[in-house]
Each structure stands twice: as structure tokens, then as C-alpha cells.
Amino acid sequence: MTQRLTWTPLAGVAAAALAAAAIGAIGLGPAGARGFLAAALLAAAAAGAYVAARAEPAWLLSAGIAASVLSGNSAYVGLPIGPDRLLLAAGLFAVVMGDVARRHTRGDGLWGLPRLTFTHWVLVAAAAWALVSAARAGTLTQSAGVFGLLDRFGFVPFAMFFVAPMAFATERQRSILLGTLVALGAYLGLTSLFEGVGLRALVFPGYINDPAVGIHFGRARGPFVEAVANGMGLFTCATAAAVGLSRWHGWRARYACWAVIALCAVGLMLTLTRSIWLSAVVAAALAFLAAQRLRGWLIPGALLGAIAVTGALAALPALNQRVDERSTEQSSVWVRKNTSRAAVEMIEAKPVAGFGWQTFQTQSAPYFRQAATYPAIGVGQGVHNVFLGNAAELGIPGAVLWACGLVLAIGGALVRRAPPALQPWRIGLVALAVQWLIVANLTPLPWAFPTLVLWTWAGVVAAGSAGPPEIAVRRPARQPAATNRNVLT
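Residue numbers (our numbering): 95 to 583.
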């Protein structure tokens with residue numbers, strides 16, 4: 095018997111190579127350097143696509159999610175392109191175009207994949223609108239515009255929402271994702287602790303200690319070099335550890351989860367960021383209320399948390415002083431008010447098509463107004479409200495399409511009844527979605543990691559709530575050497 099190798103993996107190799115070369119060549123140096131970079135990425139993409147065709151998608155995608163904490167800062171560790179880009183691309187190809195056993199997907203769509211639902215088509219329409227907007231504005235040829243579409247708007251998170259039901263269909267595959275996030279939480283928690291207490295010799299990578307890199311130096315900002323992003327990362331990993339407590343029964347795993355939750359809780363306080371404090375408290379409270387077995391622990395847990403925070407502030411006068419300073423600082427509030435007002439005026443000026451994707455920072459200056467009670471600061475910054483920012487850049491129709499996709503995908507996963515194995519994941523999604531929504535109304539939220547995890551998590555929950563219980567993508571079993579002759583067709 096002969097085993098035919100279809101054209102699908104070859105298409106994956108070609109697509110990976112072309113996509114990586116095109117993205118890598120945009121805005122990354124002079125013409126000569128771009129040619130060399132494109133050739134290097136071409137070779138790397140071909141090798142990566144081959145690995146993707148044989149590897150377990152859950153490992154590739156989980157590693158890519160974890161590596162996204164370096165997104166935008168990989169050059170500081172000597173990497174020309176973020177490792178998350180390569181790992182996520184490899185994982186997506188492993189699911190969509192890899193040499194996998196399609197009979198396990200039980201799908202009747204293209205290449206044996208599940209058919210696109212109404213929610214998926216809404217996301218496709220929103221992505222198409224944003225793509226046209228970027229092309230019209232001329233930002234499709236700029237690295238900020240391209241990576242903004244991939245991360246901030248959500249091209250990559252949308253793709254993860256689609257493939258998550260296949261990549262994380264089984265308990266073992268979901269444990270891979272949970273374990274990765276718990277391990278990442280240990281790293282983020284320890285790094286935040288070292289930053290907070292001044293043990294900077296233990297902080298890794300070294301660029302975190304450079305005040306010229308990123309913002310919020312002096313707070314716990316982690317590899318994101320941004321305190322809000324680090325706070326969202328800490329909360330996400332603490333949520334994963336809490337889900338791990340309900341799914342893992344070994345004492346080592348459970349102790350590790352408790353340790354990560356404690357470290358992340360300390361790190362959240364050390365971010366010294368009000369939006370993180372507010373969103374973490376509200377999200378955790380609503381998650382407790384959403385879980386019937388945890389409702390009775392809400393008040394005792396809140397009291398214990400208040401006692402722990404009060405004790406820490408009393409024992410550490412320096413931390414108490416910094417918390418007081420941050421709680422009364424008004425500059426970030428003024429920036430939020432000014433950028434939101436400018437966004438509203440831009441929406442009124444161009445309500446249908448908007449000013450174009452990734453143009454607020456360059457087009458918003460004429461729409462800033464001097465307020466009577468606070469200074470006109472924030473010119474050149476992003477809108478501190480994701481929804482207003484999308485409406486100003488994409489127009490109201492594009493912003494509504496994006497918001498409808500968000501509600502259908504995330505909200506749909508929340509309202510459906512989940513099977514027992516996914517009920518803790520659904521409660522975790524409540525926490526992640528609430529925190530994301532609060533922060534999205536207070537910041538530009540341009541970071542890859544929190545949005546990527548949110549959509550991936552929603553894909554896992556949505557699939558378990560509506561689809562077959564086991565839709566797994568597995569590597570094909572090896573055939574005996576005598577019968578494993580590949581014929582290229």
C-alpha cells in the first residue's frame with residue numbers, strides 16, 4: 095500500500111514562505127537589508143512549515159502564546175523577528191495545512207476543516223473592512239499598520255479562535271495550554287517581585303532594567319516593559335492557575351498553581367496601575383459569582399485579600415508611599431479624557447469611512463481642545479479607549495462589525511452551557527473577558543498577549559459548548575518502513 099502526500103502541505107510551505115517574506119520585508123531596514131531579510135525568512139518559513147506539518151499543534155500554539163510577551167521587544171534580545179510570529183504561524187499551519195489526519199476533524203468544510211459559522215463570517219467581514227481601510231490610508235505598507243492589524247485589531251486572535259477547537263480539543267491538549275500559562279505566570283510573578291523589591295540583578299531579560307526602553311520604569315512592567323500589559327499578563331496566568339487547581343489532582347501541580355496565584359497577586363499590586371487594580375478586583379469578583387461553588391467564598395476571599403494588602407502596605411512604608419502617589423496621579427486621566435474627546439470629534443467629522451487604520455496618532459492633533467480644568471496633553475498618543483479608537487479610524491460601520499464579532503465570539507462562548515470538563519474554563523473566560531473589557535475602555539490595549547489569550551480561550555470554550563466533544567488534530571501514525579513509501583502527487 096502506498097501513502098500519497100497531497101498538495102496541501104506544499105501549499106502550506108509556499109504560503110508560509112511568502113507571508114513571512116512579505117511581512118518581514120516591510121519597514122525593516124534599507125532596500126539591501128530587506129532583500130537579505132526576505133531571503134532568510136523564506137528559508138526559515140520553509141523549514142518551519144515542514145516542522146509544523148509534523149509537530150503537535152497544541153505545543154506550537156502554546157509556545158507562541160507564551161512568546162508573545164516579547165512581542166515588539168524581540169530586538170532587545172537579539173532576534174530580528176518575534177519568536178511568537180514563527181511559532182504561531184507554524185502552529186496555525188499545523189492545524190490548517192499540515193500533514194494531519196483529517197479524519198479526526200470531522201469537518202465538512204475546506205480541506206476537511208469545520209465550516210465557518212455566522213460568527214466567523216462576521217470576523218472575516220470586519221477583517222476585510224480593516225484591510226481596505228489600511229490600504230486607503232497607506233498604513234498597509236508600514237510595520238505599525240501591519241502588526242496593528244495582526245495584534246491590536248485581531249487577525250491572529252481571530253485565527254486562533256477558529257483553530258482552538260481543533261488544537262485544544264482533548265483534555266491533554268488543554269493541559270498543555272494551561273501548563274504553559276502557569277509556567278509563564280511563575281516567570282512573570284517572579285520578575286515583577288524582583289522589580290518591586292529592587293533585585294534587578296535577577297531580572298531577565300536585561301532590557302527590562304533599561305529605563306530608556308518602554309515606559310513605567312520603576313513599576314513591575316515585566317518583559318512587556320509596560321505596567322498595564324504586565325498586569326494583564328499576571329491576571330491571565332493567575333486565572334490559568336486557578337483553572338489548573340480544578341483540573342489537576344497531583345499535589346505538586348496544585349502547590350505550583352497556588353504559588354503562581356500568590357506570585358501573580360503580589361505582582362498585580364506592584365504594577366502600581368489603577369486600571370489593573372480595578373479590573374482585577376471586578377473580574378475576580380464576577381468570576382466568583384459566576385461559579386456556583388465559589389459564591390460562598392467571595393466575601394471571605396475579599397476580606398482575606400483586603401487584610402493581606404493592608405498588611406503589606408503597613409509593613410512596607412516605601413510601597414505605601416508609591417501606592418498613594420499613583421492613586422492620586424491625574425496625568426493619565428487627563429490623557430484619557432483628551433484622546434477620547436478627540437476621537438469623538440474625529441468620528442463626527444468622518445463617521446462612515448473614518449480616517450484610516452492606524453492614523454489617530456498622526457491625524458488627531460487638530461481635534462484636541464483645551465479643557466477648562468486640565469491641560470491638553472496626549473497629542474500623538476493612541477486613544478485610551480479601544481472602541482472609540484476603532485470608530486475614529488475605521489468609521490462607525492467598521493467599528494460595529496468588529497464589536498459584533500467580539501460579542502458573538504466571546505459573549506457566545508459565555509452564555510452557552512459548557513460540559514463539566516470545560517466549566518472551569520468558562521468561569522475563567524468570565525474573568526478574562528471582564529478584565530479585558532475594563533482595560534479596553536481605559537487604554538489603547540495594543541499588546542498582543544492579552545487579546546491573543548482571550549480569543550484562544552473563547553475558542554476552546556465555544557467549541558466544547560457547541561461542537562463534538564473530541565475534535566482533535568493529531569499527527570499521523572508512522573507506518574512500517576516497508577509500506578511507508580510516499581508518492582508525491
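Just so you know, even glycine gets a beta-carbon here, dropped at the ideal spot from N, CA and C.
Quiz item: Opposite Phe311 in the DSSP bridges: which residues?
Solution: DSSP, once it has assigned bridges, lists Arg313 as partnering Phe311.
Practice problem: Count the other C-beta atoms from every protein chain shown that fall within 10 angstroms of the C-beta of Gly283, then say buried if there are 16 or more, exposed otherwise. | Solution: Its Cβ being crowded by 16 or more others within 10 Å, Gly283 is buried.
Exercise. State the DSSP-derived secondary structure class of Trp549, mapped to helix, strand or coil.
Key: helix
Quiz prompt | Integer Cβ distance of Ala157 from Leu181, believed to fall under 8 Å | solution = 5 Å
Quiz prompt | Tyr349, buried or exposed, once every other Cβ within 10 Å from all chains shown has been counted against 16 | solution = Exposed is the call here.
Quiz prompt | Contact between the stretch 238-258 and the stretch 535-552 (3+ Cβ pairs under 8 Å) | solution = As far as the Cβ criterion goes, the stretch 238-258 touches the stretch 535-552, which means the pair count is three or higher.
Quiz item: According to DSSP, is Pro208 helix, strand or coil?
Solution: coil
Quiz item: Hey, which unbroken runs of the beta strand (DSSP E) at 3 residues or more fall wholly within the stretch 302-362?
Solution: none
Practice problem: Report buried or exposed for Leu398, applying the criterion of at least 16 other Cβ atoms within 10 angstroms of its Cβ. | Solution: exposed
Exercise. Within 10 angstroms of the Cβ of His343, are there 16 or more other Cβ atoms? Answer buried if so, exposed if not.
Key: His343 comes out exposed.
Quiz item: So, using beta-carbon positions, are Leu495 and Ala183 closer together than 8 Å?
Solution: no
Quiz item: Since Val354 contacts Val276 with CB under 8 Å, what's their CB separation in whole angstroms?
Solution: Val354 to Val276, Cβ: 5 Å. Contact.
Practice problem: Over the uninterrupted alpha helix (DSSP H) stretch that includes Arg268, give me the two end residues. | Solution: Glu265 to Val291
Exercise. Give the straight-line distance between the Cα atoms of Gly325 and Leu362, rounded to the nearest whole angstrom.
Key: 5 Å
Exercise. Quick one: residues in its chain with C-beta nearer than 6 Å to the C-beta of Phe329, no 5 flanking neighbours on either side, listed in chain order?
Key: Hits under 6 Å: Ala374 and Gln529.
Practice problem: Taking 8 Å as the cut-off, decide whether the C-beta atoms of Leu383 and Arg389 are in contact. | Solution: yes
Quiz prompt | Classification of Arg266 by the beta-carbon crowding that lies within 10 angstroms, buried from 16 upward | solution = exposed
Quiz item: At what residues does the alpha helix (DSSP H) containing Lys444 begin and finish?
Solution: Run containing Lys444: none; DSSP gives neither H nor E here.
Practice problem: Could you check if Trp519 is buried or exposed, using at least 16 other CB atoms within 10 Å of its CB as the buried criterion? | Solution: buried
Quiz item: Taking buried to mean at least 16 other C-beta atoms within 10 Å of its own C-beta, is Phe212 buried or exposed?
Solution: exposed
Practice problem: Could you spell out where the alpha helix (DSSP H) holding Ala385 opens and where it closes? | Solution: That residue, Ala385, is in no alpha helix (DSSP H); it is neither H nor E in DSSP.
Self-check item: Burial state of Ala486 (16 or more Cβ within 10 Å)
Solution: Burial call: buried.
Self-check item: Beta-carbon contacts of Leu154 that lie in its chain and below 7 Å, excluding the five residues immediately before and after
Solution: Ala146, Leu181, Ala184, Gly185 and Ala188
Self-check item: Whether Gly338 touches Gly327 by CB criterion (8 Å)
Solution: no
Exercise. State buried or exposed for Asp304, treating a residue as buried only when at least 16 other CB atoms are found within 10 Å of its CB.
Key: exposed
Quiz item: Given a threshold of 16 other Cβ atoms within 10 Å of its Cβ, counted over all protein chains shown, does Gly290 qualify as buried or as exposed?
Solution: buried
Self-check item: Contact set for Asn479: own chain, Cβ-Cβ below 6 Å, skip 5 residues either direction
Solution: For Asn479, where only same-chain residues beyond five positions count, the Cβ hits under 6 Å are Ser434 and Asn535.
Quiz item: Hey, how far is the Cα of Arg200 from the Cα of Gly505?
Solution: With a pLDDT of only 48 at Arg200, under the threshold of 50, the placement of this residue in the model should not be trusted; the figure read from the coordinates follows. Cα to Cα, the separation comes out at about 25 Å.
Quiz item: In three-state DSSP terms, what is Pro518?
Solution: Residue state, collapsed to three classes: helix.
Self-check item: Nonlocal neighbours in the same chain, by C-beta distance under 7 Å from Ala507, ignoring five residues either side
Solution: Excluding residues within five positions, the ones whose Cβ falls inside 7 Å are Leu523, Ala552, Val555, Ala556 and Ser559.
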